[in-house]
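Enquirer:
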Ligand SMILES: *[C@@H]1O[C@H](CO)[C@@H](O)[C@H](O)[C@H]1NC(C)=O
Ligand SMILES: *[C@@H]1O[C@H](CO)[C@@H](O)[C@H](O)[C@H]1NC(C)=O
Ligand SMILES: *[C@@H]1O[C@H](CO)[C@@H](O)[C@H](O)[C@H]1NC(C)=O
Ligand SMILES: *[C@@H]1O[C@H](CO)[C@@H](O)[C@H](O)[C@H]1NC(C)=O
Ligand SMILES: *[C@@H]1O[C@H](CO)[C@@H](O)[C@H](O)[C@H]1NC(C)=O
Ligand SMILES: *[C@@H]1O[C@H](CO)[C@@H](O)[C@H](O)[C@H]1NC(C)=O
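Residue numbers (the working numbering): 226 to 626.
Below, the structure written as structure tokens:
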């Protein structure tokens with residue numbers, strides 16, 4: 226209703242011919258700047274209350290669009306939850322840099338995220354600014370196995386709909402950079418995500434239990450998966466991602482716990498992976514939890530010295546804590562690998578290692594060209610176990626399907 230009114234006002238002003246054009250933006254938008262709520266641009270004073278108050282004001286406002294503005298400069302904030310539902314659409318315009326606590330002390334109890342967005346419809350988070358998770362201390366304690374609390378997700382989006390996150394930098398996460406959970410109609414694009422190659426579990430973007438999520442046009446370097454997709458996802462598109470260093474683009478791990486959900490209709494397209502541990506991967510635990518993964522397409526992927534360019538691994542059990550190594554009960558079907566080119570830094574360029582209990586069905590390898598770039602001039606190979614399907618076009622190394 227409001228929108229139609231604004232449009233009519235705009236056109237009536239444009240075409241009424243009279244003078245005194247009222248700028249529509251001035252009358253319809255209201256900006257809530259964290260500075261006006263007491264934020265301090267020194268990178269060390271706690272501005273959490275100012276951020277929370279600016280959010281509350283923007284979220285409470287009835288109207289077409291409210292803006293929460295975080296200007297240039299460096300701010301420090303403790304764990305924060307931005308929750309809705311709001312009375313109108315809210316845009317967060319992040320231009321500055323927001324710093325997380327350097328240590329883990331504030332992340333006790335239910336503080337599992339540093340910055341959390343919850344239950345919001347029509348959110349736009351943009352502005353070219355940076356969230357800096359200051360993960361160094363957390364990486365050190367993980368590697369020394371003496372962290373005092375669990376590590377938080379850097380930025381989480383839970384129960385968010387019809388929303389866009391774009392043109393934002395996420396750096397140095399203590400754990401995942403972005404965690405998307407139970408979202409619908411969410412686009413993440415033009416993100417720059419960066420943490421060191423040896424930072425543990427710093428997945429770039431993890432999406433779970435969501436529908437119609439697009440991740441596009443982003444550059445991701447991290448110590449774990451660039452993009453990982455968990456259970457319960459449907460209609461996910463990952464496109465034009467530049468990934469590396471990192472562990473590649475992964476569906477999974479799946480089937481790690483009872484109640485993990487099916488995943489279907491995922492498209493990963495036009496991505497470039499450089500020096501990553503894996504390329505495109507489906508990974509399931511060697512545990513007895515039943516679910517299905519179906520209708521998956523990996524298409525138009527360039528691999529540059531990737532360790533496992535194409536891999537299905539249904540025997541994942543890193544800590545040997547899987548009961549008697551039961552076969553995975555995750556059923557994988559209708560997965561297409563198409564137009565995947567470049568180099569593998571290991572001999573096994575294609576590995577389709579499926580469950581003894583539930584063999585993969587309807588796998589397709591179409592137009593694949595992967596060369597081994599090791600020192601001893603060996604040819605790359607493809608290995609299949611419990612994998613059924615077919616190959617089309619030219620497949621190098623020669624297909625095992
Ligand atoms: C929405 O507006 C109502 C009435 O103005 C107000 O009571 C409520 O707190 C607002 N909602 C939020 C989330 O601020
Ligand atoms: C954790 O272990 C590292 C290396 O052993 C040590 O330097 C550090 O002081 C320990 N930190 C805590 C909080 O115990
Ligand atoms: C998302 O937007 C559509 C209209 O575009 C609306 O019908 C729907 O209710 C919105 N979703 C939520 C969860 O608010
Ligand atoms: C998702 O977007 C579509 C198309 O705009 C809309 O019809 C649908 O209601 C949205 N779904 C939700 C749950 O908001
Ligand atoms: C991937 O590499 C190709 C060839 O160098 C380039 O044309 C394309 O733009 C790159 N895509 C991305 C998402 O970086
Ligand atoms: C999960 O997939 C299996 C196999 O396709 C199907 O039988 C089951 O109903 C699905 N579960 C849900 C909750 O959709």
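Beta carbons: idealized from backbone N, C-alpha and C, even for Gly.
Does DSSP put residue 271 in a helix, in a strand, or in coil?
Expert: Reading the chain shown from its first residue, position 46 is the one you call residue 271. In the structure shown, residue 271 sits in a strand (DSSP, three-state: E or B).
Enquirer: Helix, strand or coil for residue 598? Go by DSSP, reduced to three states.
Expert: Along the chain shown, read from residue 1 onward, the residue named residue 598 stands at position 373. Here residue 598 sits in coil by DSSP.
Enquirer: Going by DSSP, name the residue or residues bridged to residue 256.
Expert: Residue mapping note: residue 256 aligns to position 31 of the chain shown, counting from 1. For residue 256, which the question treats as bridged, DSSP gives the partners 292.
Enquirer: Which residues in the same chain have their Cβ closer than 7 Å to the Cβ of residue 624, if we skip the five residues on either side of it in sequence?
Expert: By 1-based counting over the chain shown, the position of residue 624 is 399. Cβ neighbours of residue 624 beyond the five flanking positions: 590, 607, 616.
Enquirer: Taking a cut-off of 7 Å, which residues have a beta-carbon closer than that to any heavy atom of ligand 1, in chain order?
Expert: Taking each Cβ in turn, the ones that pass are 281, 284, 285, 287, 309, 310, 311, 312.
Enquirer: Taking its Cβ as the centre, do 16 or more other Cβ atoms sit within 10 Å of residue 368, making it buried, or is it exposed?
Expert: The sequence position of residue 368 within the chain shown is 143, counting from 1. Using a 10 angstroms sphere on the CB of residue 368, the tally of other CB atoms stays under 16, which defines it as exposed.
Enquirer: Which residues in the same chain as residue 430 place their Cβ atom closer than 6 Å to its Cβ, once the five residues preceding and following it in sequence are excluded?
Expert: One-based indexing of the chain shown puts residue 430 at position 205. Contacts found: 403, 440, 452.
Enquirer: For residue 248, I'd like the list of residues in its chain whose CB is within less than 8 Å of its CB, leaving aside the five on either flank, ordered along the chain.
Expert: If you number the chain shown from 1, residue 248 lands on position 23. Note that residue 248 scores 43 on pLDDT, short of 50, meaning its location in the model is unreliable; the coordinates nonetheless yield the value given after this. Same-chain partners within the cutoff: there are none.
Enquirer: Under the assumption that residue 427 contacts residue 398 (Cβ atoms under 8 Å), give the Cβ distance between them as a whole number of angstroms.
Expert: On the chain shown, position 202 is the one that residue 427 refers to. On the chain shown, position 173 is the one that residue 398 refers to. Indeed they touch by this definition, with Cβ atoms about 5 Å apart.
Enquirer: Should residue 533 go down as buried or exposed, given a rule of 16 or more other Cβ atoms within 10 Å for buried?
Expert: As a first step, residue 533 must be located in the chain shown, where it is residue number 308. Buried, by the Cβ-count rule.
Enquirer: Under 6 Å: does the beta carbon of residue 465 sit that close to some heavy atom of ligand 5?
Expert: As a working note, residue 465 is residue 240 in the chain shown. Yes, Cβ of residue 465 sits closer than 6 Å to a heavy atom of ligand 5.
Enquirer: Evaluate residue 287 with the Cβ neighbour count: other Cβ atoms within 10 Å of its Cβ, from every protein chain shown; 16 or more gives buried, anything less gives exposed.
Expert: Counting from one through the chain shown, the residue named residue 287 turns up at place 62. With fewer than 16 Cβ atoms within 10 Å of its Cβ, residue 287 is classed as exposed.
Enquirer: State the start and end residues of the unbroken alpha helix (DSSP H) segment that holds residue 366.
Expert: Along the chain shown, read from residue 1 onward, the residue named residue 366 stands at position 141. Per DSSP, residue 366 belongs to the alpha helix (DSSP H) from 361-369.
Enquirer: Taking only three categories from DSSP, how would you classify residue 281?
Expert: Within the chain shown, residue 281 is the residue found at index 56, counting from 1. Helix.
Enquirer: Which residue comes first and which comes last in the beta strand (DSSP E) that contains residue 500?
Expert: If you number the chain shown from 1, residue 500 lands on position 275. Where residue 500 is concerned, there is no enclosing beta strand (DSSP E), given that its DSSP letter is neither H nor E.
Enquirer: Assuming contact is defined by CB atoms lying nearer than 7 Å, are residue 385 and residue 408 in contact in what I supplied?
Expert: Locating residue 385 in the chain shown gives position 160, where the first residue counts as 1. Locating residue 408 in the chain shown gives position 183, where the first residue counts as 1. Contact: yes.
Enquirer: Is it the case that the segment 509-524 contacts the segment 545-562, given that we only count it when at least three CB pairs across the two stretches are under 8 Å?
Expert: yes
Enquirer: As a quick exercise: from 583, 304, 475, pick the residue whose alpha carbon is nearest that of residue 433.
Expert: For the purposes of this step, residue 433 is identified with residue 208 of the chain shown, where counting begins at 1. Residue 475 is the option with its Cα nearest to residue 433.
Enquirer: In or out: residue 600 buried (at least 16 other Cβ within 10 Å) or exposed?
Expert: Locating residue 600 in the chain shown gives position 375, counting from the first residue. Result: exposed.
Enquirer: Return yes when the C-beta of residue 438 is under 6 Å from any heavy atom of ligand 4, and no when it is not.
Expert: For the purposes of this step, residue 438 is identified with residue 213 of the chain shown, where counting begins at 1. The answer is no for residue 438.
Enquirer: Tell me the rounded alpha-carbon separation between residue 252 and residue 564.
Expert: Here residue 252 is taken as the residue at index 27 of the chain shown, counted from 1. Here residue 564 is taken as the residue at index 339 of the chain shown, counted from 1. Because residue 252 sits at a pLDDT of 46, beneath the cut-off of 50, its placement in the model cannot be relied upon, and the point is left open.
Enquirer: Using CA atoms only, rank isn't needed, just tell me which of 436, 467, 271, 420 is closest to residue 448.
Expert: For this step, residue 448 is matched to residue 223 along the chain shown. Of 436, 467, 271, 420, the residue nearest in Cα terms is 420.
Enquirer: Give the secondary structure of residue 301 by DSSP, where H, G and I count as helix, E and B as strand, and everything else as coil.
Expert: Here residue 301 corresponds to residue number 76 of the chain shown, with the count starting at 1. Of the three classes helix, strand and coil, the one that applies to residue 301 here is strand, per DSSP.
Enquirer: Looking at residue 578: is its Cβ nearer than 7 Å to the Cβ of residue 610?
Expert: Taking the first residue of the chain shown as 1, we reach residue 578 at position 353. Taking the first residue of the chain shown as 1, we reach residue 610 at position 385. Yes, the Cβ-Cβ distance between residue 578 and residue 610 is below 7 Å.
Enquirer: I'd like the span of the beta strand (DSSP E) that includes residue 627, first residue to last.
Expert: Given a span of 226 to 626 for the chain in the structure shown, any question on residue 627 remains unanswerable.
Enquirer: By the three-class DSSP mapping on this structure, what secondary structure does residue 450 have?
Expert: Numbered from 1 along the chain shown, position 225 holds the residue referred to as residue 450. Residue state, collapsed to three classes: coil.
Enquirer: Strictly closer than 7 Å from CB to any heavy atom of ligand 6: give me those residues in the order they appear in the chain.
Expert: So the residues near ligand 6 by this Cβ test are 486, 487, 516, 517, 519, 556.
Enquirer: How close, in whole Å, do the beta carbons of residue 332 and residue 377 come, if the pair is a contact with beta carbons under 8 Å?
Expert: To locate residue 332, count along the chain shown from 1; it is residue 107. To locate residue 377, count along the chain shown from 1; it is residue 152. About 5 Å separates the two Cβ atoms, so the contact holds.
Enquirer: Quick one: give me the first and last residue of the beta strand (DSSP E) that residue 545 is part of.
Expert: Position 320 of the chain shown, counted from the first residue, corresponds to residue 545. Note, residue 545: premise wrong, no beta strand (DSSP E); not H, not E.
Enquirer: Could you pull out every residue in the same chain whose Cβ sits closer than 7 Å to the Cβ of residue 520, ignoring the five residues on either side in sequence?
Expert: As a working mapping, residue 520 is identified with position 295 in the chain shown. So the qualifying residues of the chain are 489, 490, 559.
Enquirer: Would you mind sorting residue 275 into buried or exposed? The rule is 16 or more other CB atoms within 10 Å of its CB.
Expert: As a working note, residue 275 is residue 50 in the chain shown. With 16 or more Cβ atoms within 10 Å of its Cβ, residue 275 is classed as buried.
Enquirer: With respect to the beta strand (DSSP E) encompassing residue 346, which residues constitute its N-terminal and C-terminal limits?
Expert: Residue mapping note: residue 346 aligns to position 121 of the chain shown, counting from 1. It spans 338-346 - the beta strand (DSSP E) in which residue 346 sits, taken as one unbroken run.
Enquirer: Which residues neighbour ligand 3 when neighbourhood means a C-beta less than 5 Å away from any of its non-hydrogen atoms? List them by chain order.
Expert: 346, 386, 387
Enquirer: Spatial neighbours of residue 266 within its chain, please: CB distance less than 6 Å, with the 5 preceding and 5 following residues excluded, ordered by chain position.
Expert: What you label residue 266 is simply residue 41 of the chain shown in a count that begins at 1. Hits under 6 Å: 298.
Enquirer: Regarding residue 497 and ligand 5, is the C-beta to nearest heavy atom distance less than 6 Å?
Expert: Within the chain shown, numbered from 1, the residue matching residue 497 stands at position 272. Yes, since a heavy atom of ligand 5 falls inside the 6 Å radius drawn around the Cβ of residue 497.
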